[in-house]
Structures are given as C-alpha cells and as structure tokens.
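Counting from 1, one number per residue, gives the positions in the sequence shown under our numbering.
From the three backbone atoms N, C-alpha and C, an ideal C-beta is built for every residue, glycine too.
Report on the following structure.
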Amino acid sequence: MIWNEFIETADREKLKEIQNERFVKMIERMYYNVPFYRKKLTEAGIEPGDIKGIDQLKDLPFTVKDDLRDNYPFGLFTVPQNQIVRLHASSGTTGKPTVVGYTKNDLQLWSEVVARSLTMAGVTKEDIIQIAYGYGLFTGGLGLHYGAEKVGASVIPISGGNTKKQLQLMVDFGSTVIACTPSYAAHLGESLVAAGIDRKDIKLRAGIFGAEPWTNELRKQVENLLGIKAFDIYGLSEIIGPGVSMECECQNGMHIYEDHFIPEIIDPKTMEVLPYGELGELVFTTITKEAMPLLRYRTRDLTRLHVEKCDCGRTLVRMEKCMGRSDDMLIIRGVNVFPSQVEAVLLEMSEASPHYQLVVNRENNLDTLEINIEIDDQFWSDEIKTLENLKKRFQHNIASTLGISAKINLVEPNTIARSEGKAKRVIDKRITNSE
Ligand code: DLL
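So, in structure tokens, the structure goes:
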C-alpha cells in the first residue's frame, strides 16, 4: 500500500519540476522574512531572482545547529508568532535547546509524511498502535500520534517508560504496532519474556523504531524477542521530527519525502556535494515548511543515498541506515570507531544481550576503550572458565573488526541501565574530545 501514490511513485523529472517551483518560492520567503537568511544569501551574492531551481543548491550557504542556537528561540521563524501553533525543542548536550515551530499547515504536512511512513510498514485503520516514544518537547510521541490518527489507526498515547503498564496494555488492548526507540524495544522484549507473557497472548506484528542509530543485528534481536517485523524511521526536529524518511517493506533503505525535503550528501571536510552511492554527511533543505524552513541544514548524520527505483514501486531516493553521527565518532588511538560498529560485532554473537556501553578514557596519554557487555540470561555462567573463554572471543572479534583492542567486561543480566528513550551507549571520560 502506498499513501500518496502520485508523489511517492512520481516520475523523477516531474518531481524535479515540483521541487524547483517550491524551492524558488521558499528562497523568496526566507530572503524577505528572515534577516539571518537575507544576510547569508547577500553575503553569497545571491538575490531571490537569481534562483531558478534546485540545481543551484550547491552554490548556496549551509545552515548549522549553532545558527539555531544563535537565533534562540524564534529568530529563524518566517511567520509571526500568532501563526505558530506548536513548539518543540531538542535538548542539546550543552547550552540552549534547539527550538522548532510549526504553523497549522506544517502540522498537516507532518501528519502527511508520518502517514506515508506508517503505510510503508503496512499500518492501516485496522491497527492498534502503541506509541511509546516520549510525548512532550521531543517530537517522537506527538509526531507519530497525528500521523497514526491520519491513517485512522487506534492510537494508544502511552508515551515512554512504565514498562509494566506497556506490557499490560499490549496484552489487554491487543496492540498490533509498537512505536519507540529500538533500545527501548529491546528492553520491552526482554521484559515480556521476564514477565512470563506468552507470545501468543500479544498481537504485535510491526515495530516503528528510530530516533537513534541501530544495526541490522539489533533488528534481528528485537524481531525475535517481540515476534514482529521491525521498520526504521528517521527524522530530526529541525527538519520536522519523525517522518523525514522511512523504510518500506523491501527494507532496502529509507525513502526520503523529496517533495518536501531535498537531501544532499556532502564531504564534511571539503563541503563538496558527493554523487549518489557515496558515504558522507546528510544535508537537508526544506521546501514547503512555513514556520521554520531550513536551507542546506547539516544533520551530522552519516549515510549514503541511492536513486534507483525500489521494488515497492516508489521512486523516492533511499538513504541507508545511518551509521552514526559525525560527532558520535570516537577517535581511539587514532582509529575511527562508531558505536554502531561495536553493536554489530557484539550482537552477531548470540551471548550478548542488546545492552552494552562503551567507556573511553585516557591513561598515561593513551586512549583506552572498555566495553561493558551484558550477557544474555541463558548464557550467563558461574563458571569462571566459561566466562573467560567468552570474553576472549569478544576481544578477538572486536580487535579483528575494529582494528583496536578493547578491555571487555562481561556483566550480569539486567545490570546496565535501560533507557526509555534514546540510549546512552558511550561514556567518554577524556577531558578534551578529539574533533
Ligand atoms: O529523534 C526524531 C525522531 C523521533 C525520529 C522518533 C524517529 C523516531 P531529534 O531528537 O531531533 O529527533 O534527533 C535527531 O536522531 O539527527 C539522528 O542523529 C538521530 N536519528 C533519528 N532517527 C534515526 C534513525 C528525533 N532512524 C537525530 N537512525 C538525528 C539513526 C536516527 N539515527
């Protein structure tokens, strides 16, 4: 099923026509309504009349998260406050949050892209969807909520946390779809087993998981634990929230809604645009958003784009699973390490549970990496020899895949803190972070 067949399967030439028209109008709105953009465009020697279409994107300036912070809270809005009907914010690790605003039309657009996304996972009005993303300033809960209502599904707005209640409602209400972060999904799955609930007593068949990087290895684990098919949904508050892109049933990358968000991949060092298929930083330009359109916004997310038509019939560009954010990349003894690579190594071994933590430190001027791995209940042993052997296998697999050695600590089941939202996988104790 396709929610918006006209756009999602459009001829790419036709799509470009639509994009060009919208893009030209958006540049005008930015130029005339936001001093920040007027200054940026003027500095780049550009006036609205110069812009004819998206082929010129590559010549335009980028926008970064600091621009949002510098214009905190409402400085990048293109409409007066009385047209803003919703505010969301994401808390950064440092300083002020990033604030985003929505007009009525923006909220409609958001519901539309989430409805398209849910339809990709086969969600219909016959479904009962349990939304366990946090409701509030975070965009996950409310974003999924209105999209699910648009589809006509029965929404359970339970929000994140309260695992016992989640399981109870899942059984009693017969939820068929669960939406939450993949790390929380893993926790829900384990809690289901621990509570002795028979899989036959739950009706779940699909999961809508995103908001943090996760690997295909974690996908398999969560699918087995919950007995579902797990789908990846991507988005960021600055662009709209969840629903910037989503996996269809072919699970061959996430389709980006290019009639609203234009993606580019750039080399983060040279800032040059890279061709389809190459790994780099994802950049978005919004072309329909009213309250806070963004020009060439650097997401910091690392991925590749593919333009070949998908077997599902959609022609929209697909982005690969994000391998992480450029600012999550750890440089350990000179080697680049992404937490997602560690996850893939660990979860390939059935002894590891989906809960792990990386602790990076510096001793005697040398970086150290410790990995705390929680062992799956059925593999935990009181025999030192068994655990020592297991530890050696983890050590070997990590060293041969990442190219660096790590100290492995095997920890008992249920000892690593569970997250109800985005998991905290890395503790970096080094004073200065390598940039
Ligand atoms: O996480 C929006 C969202 C909510 C997406 C629910 C999906 C589901 P922010 O809090 O602004 O917004 O965080 C955005 O999270 O730049 C990525 O680094 C990361 N992220 C989001 N989805 C995925 C995903 C929401 N599917 C940041 N895979 C983004 C990997 C993701 N990373």
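Annotation: the segment 143 to 182 contains the following complete segments of the beta strand (DSSP E) (minimum length 3 residues), in chain order: 154 to 156, 177 to 180.
Unbroken beta strand (DSSP E) runs of no fewer than 3 residues, entirely contained in the segment 339 to 426, are found at 352 to 363, 366 to 375, 407 to 411, following chain order. By DSSP's assignment, H255 forms a beta bridge with M246, R318. Within the same chain, Cβ atoms closer than 8 Å to the Cβ of P413 are found at S353, E374, I375, D376, D377, W380, the five residues on either side in sequence being excluded. Pairing I208 with F261, the inter-Cα distance amounts to about 21 Å. DSSP places S91 outside both helix and strand once states are collapsed to three, so it counts as coil. Take the alpha-carbon of I84 and the one of M271: they are about 33 Å apart. With respect to the C-alpha of A291, the residue from A344, G101, E281, S326 having the closest C-alpha is G101. With a cutoff of 7 Å, S154 does not count as near ligand 1, since its C-beta is closer than that to no heavy atom of the ligand. Spatial neighbours of S154 in its own chain (CB-CB distance under 6 Å, excluding positions within 5 residues in sequence) are listed in chain order as I128.
Note: G207 is bridge-paired with I178, A230 in the DSSP secondary-structure output. Note that the C-beta distance between S326 and L302 is below 8 Å. Looking at Q221, M323, E363, the one whose alpha-carbon comes closest to that of L346 is Q221. For G241, the number of other beta carbons within 10 angstroms of its own is at least 16, and it is reported as buried.
Assignment of beta-bridge partners to E43 by DSSP yields no partner. Listed in chain order, the alpha helix (DSSP H) elements of length 4 or more contained wholly in the segment 260 to 310 amount to none.
For the pair H88 and L137, the CB atoms are nearer than the 8 Å cut-off.
When V317, G334, K391, D172 are compared, the shortest CA-CA separation from K16 is found for V317.
Residue pairing from DSSP places G235 in a beta bridge opposite P242. Relative to the Cα of S111, the nearest Cα in the group Q130, T124, G140, L144 belongs to L144. Taking C-beta separations shorter than 6 Å and ignoring five residues to either side along the sequence, the partners of Y184 in its chain run E420, following chain order. Non-local beta-carbon contacts of A344 in its own chain, meaning distances under 6 Å to residues more than five positions away in sequence, involve T215, E217 in chain order. Counting along the chain, L60 sits inside no beta strand (DSSP E), nor does DSSP assign it H or E at all. Contact check for I239 and T286: beta-carbon distance about 6 Å, within the 8 Å limit, so the pair qualifies. For R86, the pairing in a beta bridge is given by DSSP as Y102.
By the neighbour-count criterion, in which 16 or more other beta carbons inside 10 Å mark a residue as buried, V337 falls on the buried side. Proximity of the beta carbon of C248 to ligand 1 is not indicated: no heavy atom of the ligand is located closer than 7 Å. Here the segment 43 to 60 lies against the segment 27 to 35, with 3 or more beta-carbon pairs under 8 Å apart. Taking 8 Å as the cut-off, the beta carbon of V411 is found no closer than this to the beta carbon of N365. Annotation for F62: R296, R298 place their beta carbon closer than 6 Å to its own, counting only its chain and skipping 5 residues before and after. At the C-beta level, Y135 and S117 stay beyond 8 Å of one another.
By the neighbour-count criterion, in which 16 or more other beta carbons inside 10 Å mark a residue as buried, H396 falls on the exposed side.
Taking all protein chains in view, the Cβ of F77 is crowded by 16 or more other Cβ atoms within 10 Å, so the residue is classified as buried.
The beta carbon of E351 sits closer than 7 Å to those of I375, D376, F379, L390, all from its chain and outside the five residues before and after it, given in chain order.
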